[in-house]
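So the sequence shown is residues 1 to 344, counted in this note's numbering. Don't be surprised by glycine CBs; every beta carbon is placed ideally from N, CA and C. Please read these numbers as outputs of a predicted model, since none were measured by experiment.
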Amino acid sequence: MTTTAYRLPDLSIFLPQKPSGQVSPHFREAETGFNVWAKEKFGTQYSTVLQRANVPHFVALTWPLASCQQLRGIVDYMTAAYILEVWTDNASSTDATTLAETWIKILSSSGELQRESSIHPFFKVMLSELVPSMKAVVGPYHWQRFVDECKSYAMSMIQEALDREEHTAKEVARGIQSYALTRRESCAVRPCLTLMRSTRGLSLPDDVLDHPVIQEMEVSVLDMFWTVNDIYSFKAEYSVDGAVNNSLTAMQTDPATRGLDLQGRLDYVEKLFREALERFSTSKKNLPGVGQGLDQQLAIYADSMMDFVVGNLEWSAITPRYRVFMNDEDKKNMILRLDSALSL
């Protein structure tokens with residue numbers, strides 16, 4: 001197979017070191033426990049799918065201060081989110097709506113769904129084990145906001161299904177800004193922001209979290225996450241569905257970027273990442289003085305966000321889930337190789 005080489009942007013040169021350390025020391029314990037649990041619950045085939053998602057490693061890199069119990073609770077949330085993503089990835093908008101609404105009901109349920117014989121076995125496990133695990137980590141103070149953010153994520157899965165159908169039906173001129181609005185929700189990071197606060201013992205009230213500077217800082221983290229994700233997942237996504245829900249594809253129908261080749265689009269996403277990082281840095285410098293012992297909490301929250309951003313980049317470059325680089329030399333030189341026959 002003949003391949004064409006593209007240069008991936010080296011985003012690490014723009015980022016600081018993680019404020020809280022490299023990786024959680026409880027990583028191996030949490031990973032082993034999760035893998036054993038997955039195999040016992042779902043058998044070899046399904047547990048292999050979950051293991052390939054590489055979620056425990058991601059969580060250990062992005063929450064370096066988390067305890068083993070906290071790692072597991074976060075892994076359980078991300079597993080539930082990942083399964084919904086997998087199930088809706090190629091689903092019709094009708095099926096995606098059914099799945100997303102059931103997923104939301106389980107998060108909000110007091111147990112009545114457990115009695116429904118038609119419910120998928122994974123949903124039963126989610127209700128009986130994953131949700132209690134999440135609650136133990138999130139805690140009552142943060143729970144309602146966490147659920148609301150999860151609802152937004154689930155609704156974005158429906159929107160992505162609608163976008164796929166529209167893309168299949170005709171050439172859709174969806175601008176990159178419109179894409180970004182949906183992607184901020186579909187990347188499943190908003191609930192992670194609440195998990196950051198809960199695992200660090202932060203009790204920031206809603207009026208502080210709703211402050212424009214804090215909101216801008218959070219949105220910049222979402223943008224840094226999805227830009228990295230789109231760059232590193234593009235190769236794997238393109239082989240499955242043509243990377244329909246990826247900024248590198250969306251730019252082909254944006255009047256401002258449609259003339260760019262793939263290398264130009266990769267460079268453009270680097271620009272978006274750097275702009276988001278600049279917005280984050282500016283917001284951090286202008287954190288509001290809220291008093292009542294909350295100023296220090298805001299500083300810790302900002303550090304937790306940067307742990308997340310840097311950890312995500314570290315994980316994206318090495319995870320077998322994306323299989324970005326063909327060899328160590330390509331990884332060293334940030335070279336992505338794609339089949340030359342592809343229309344990119």
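What is the residue span of the beta strand (DSSP E) that residue i lies within?
i: leucine 336; result: 335 to 339
i: arginine 7; result: 3 to 7
To the nearest angstrom, how far is the alpha carbon of residue i from that of residue j?
i: lysine 135; j: proline 191; result: 12 Å
i: threonine 102; j: proline 320; result: 30 Å
i: aspartate 328; j: valine 75; result: 29 Å
i: isoleucine 214; j: glycine 289; result: 12 Å
i: alanine 91; j: valine 219; result: 28 Å
i: phenylalanine 280; j: aspartate 303; result: 11 Å
i: alanine 169; j: phenylalanine 123; result: Here alanine 169 scores only 48 on pLDDT, less than 50, and its place in the model should not be relied on; the value that follows carries that caveat. Looking at the two C-alpha atoms, the distance is approximately 32 Å.
i: aspartate 109; j: glutamate 166; result: Sequence inspection shows serine at residue 109; the aspartate mentioned does not correspond to that position. C-alpha separation (whole angstroms): 33 Å.
i: glycine 175; j: threonine 94; result: 25 Å
i: leucine 266; j: glutamine 159; result: 24 Å
i: methionine 217; j: tryptophan 143; result: 21 Å
i: serine 128; j: leucine 277; result: 39 Å
i: serine 47; j: threonine 79; result: 11 Å
i: phenylalanine 34; j: alanine 66; result: 15 Å
i: leucine 338; j: histidine 211; result: 44 Å
i: lysine 331; j: valine 221; result: 25 Å
Which residue marks the beginning of the alpha helix (DSSP H) containing residue i, and which one marks its end?
i: threonine 282; result: 262 to 285
i: phenylalanine 27; result: 27 to 52
i: cysteine 192; result: 190 to 199
i: tryptophan 226; result: 212 to 241
i: glycine 311; result: 294 to 318
i: glutamine 177; result: 176 to 186
i: serine 12; result: First-last for serine 12: undefined, no H or E at that position.
i: aspartate 206; result: 206 to 209
i: valine 59; result: 55 to 62
i: serine 247; result: 247 to 250
Contact defined as beta carbons within less than 8 Å: I believe residue i pairs with residue j. What is the distance between those atoms, to the nearest angstrom?
i: cysteine 150; j: leucine 107; result: 5 Å
i: cysteine 359; j: histidine 120; result: Any question about residue 359 goes unanswered here, given that the chain covers just 1 to 344.
i: methionine 305; j: methionine 126; result: With 8 Å as the limit, methionine 305 and methionine 126 do not qualify as a contact, their Cβ atoms being about 27 Å apart.
i: glycine 139; j: serine 233; result: Not really, about 32 Å apart at Cβ, beyond 8 Å.
i: glutamine 263; j: arginine 7; result: 7 Å
i: aspartate 241; j: arginine 184; result: At roughly 21 Å, the Cβ-Cβ gap does not stay under 8 Å, so aspartate 241 and arginine 184 are not in contact.
i: leucine 50; j: alanine 38; result: 5 Å
For the region 49 to 58 against the region 6 to 19, do three or more pairs of beta-carbon atoms, one drawn from each stretch, fall closer than 8 Å, so that the two count as touching?
no
Does the region 266 to 285 come close enough to the region 241 to 256 that 3 or more CB-CB pairs lie under 8 Å?
yes
Under 8 Å: do the region 41 to 50 and the region 173 to 189 share three or more Cβ pairs, one atom per stretch?
no
Counting beta carbon pairs with one atom in the region 200 to 209 and one in the region 279 to 298, are three or more of them shorter than 8 Å?
yes
Hey, which unbroken runs of the alpha helix (DSSP H) at 4 residues or more fall wholly within the region 68 to 122?
68 to 88, 93 to 108
Does the region 297 to 316 touch the region 17 to 32, meaning 3 or more C-beta pairs lie closer than 8 Å?
Pairwise C-beta distances place the region 17 to 32 in contact with the region 297 to 316, as three or more of them are shorter than 8 Å.
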